[in-house]
Amino acid sequence: MSSEPTVPLKQRVDEIFNGLKDRNPNWTQEQITPAKKVIELFESAFIYRDFDNVKRIVTNTYVQHNPFLHDDPYSIIEFGKWKRSIAKETQNFDGPPALIYHRIMVDGDLVYVQLEWRNHPGDLGINIMDLLRWNKDLQQFTEHWDANQEVPPKDKRNNQNGIFD
1 MSSEPTVPLK QRVDEIFNGL KDRNPNWTQE QITPAKKVIE LFESAFIYRD
51 FDNVKRIVTN TYVQHNPFLH DDPYSIIEFG KWKRSIAKET QNFDGPPALI
101 YHRIMVDGDL VYVQLEWRNH PGDLGINIMD LLRWNKDLQQ FTEHWDANQE
151 VPPKDKRNNQ NGIFD
């Protein structure tokens with residue numbers, strides 16, 4: 001399970017980026033920048049809890065399409081705090097979630113992320129598909145969509161294909 005971060009954020013972002021599945025070896029710098037920036041956003045919000053950095057990475061007019069979150073950079077911060085409080089209340093776990101980045105794809109101004117989120121030790125996790133709009137002139141994210149799927153126990157699956165394979 002994840003613990004409080006012990007390496008600088010930039011180093012962690014580079015390590016995650018370099019370990020991605022299905023990473024295009026021919027990415028341009030215009031694709032690499034938002035791919036690394038989305039990792040920085042999620043790590044800042046959910047692991048490092050660097051909320052000032054979150055506010056630098058998303059615009060003040062950030063549009064949120066998740067119906068349970070607000071339209072502003074604080075929505076990401078509040079979501080992270082809420083998820084952490086649930087783990088503490090239900091599992092007596094007061095640490096950051098484990099975020100496992102499986103894929104990041106960049107197409108124009110859209111950045112797609114497949115992320116595995118585990119709230120606490122023993123959690124089977126959630127498969128999260130995030131889509132964010134990147135403004136290269138501002139170097140910030142302006143919009144976000146997501147879809148979530150709980151990872152079922154192996155005995156409840158109708159096939160042997162892994163969600164993250």
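If you count by full-length UniProt numbering, then the sequence shown holds residues 1 to 165, one letter each, in order. Glycine included, C-beta positions come from ideal geometry on N, C-alpha and C. Here the structure is a predicted model, which means the values were calculated and not measured.
Inter-residue CB distance, residue i and residue j (contact presumed, cutoff 8 Å)
i, j, result
"isoleucine 39", "valine 13", "5 Å"
"proline 96", "phenylalanine 51", "Not a contact, Cβ separation roughly 14 Å."
"glutamine 91", "isoleucine 126", "Rounded, the Cβ-Cβ distance is 15 Å, inconsistent with contact."
Assigned exposure category for residue i - 16 Cβ within 10 Å defines buried
i, result
"histidine 65", "exposed"
"leucine 138", "exposed"
"arginine 157", "exposed"
"valine 7", "exposed"
"glutamate 89", "exposed"
Same chain, Cβ closer than 6 Å to residue i, five either side skipped, listed in chain order
i, result
"arginine 103", "Lys21, Asp22 and Gln114"
"glutamate 143", "Val63 and Arg133"
"aspartate 130", "Val113 and Asp146"
Cβ shell of residue i (< 8 Å), same chain only, five flanking positions each side left out
i, result
"proline 78", "The displayed chain sequence assigns glutamate, not proline, to residue 78. Leu69 and His70."
DSSP bridge partner residues for residue i (one or two, in chain order)
i, result
"tryptophan 117", "Leu99 and Ile126"
"isoleucine 104", "Val113"
"phenylalanine 141", "Val58 and Trp134"
"asparagine 148", "Ile128"
| task | Output the residue ranges of the beta strand (DSSP E) runs that lie fully inside the region 35–86 and measure 3 residues or longer, sorted by chain position. | result | Segments of the beta strand (DSSP E) lying fully in the region 35–86: 58–64.
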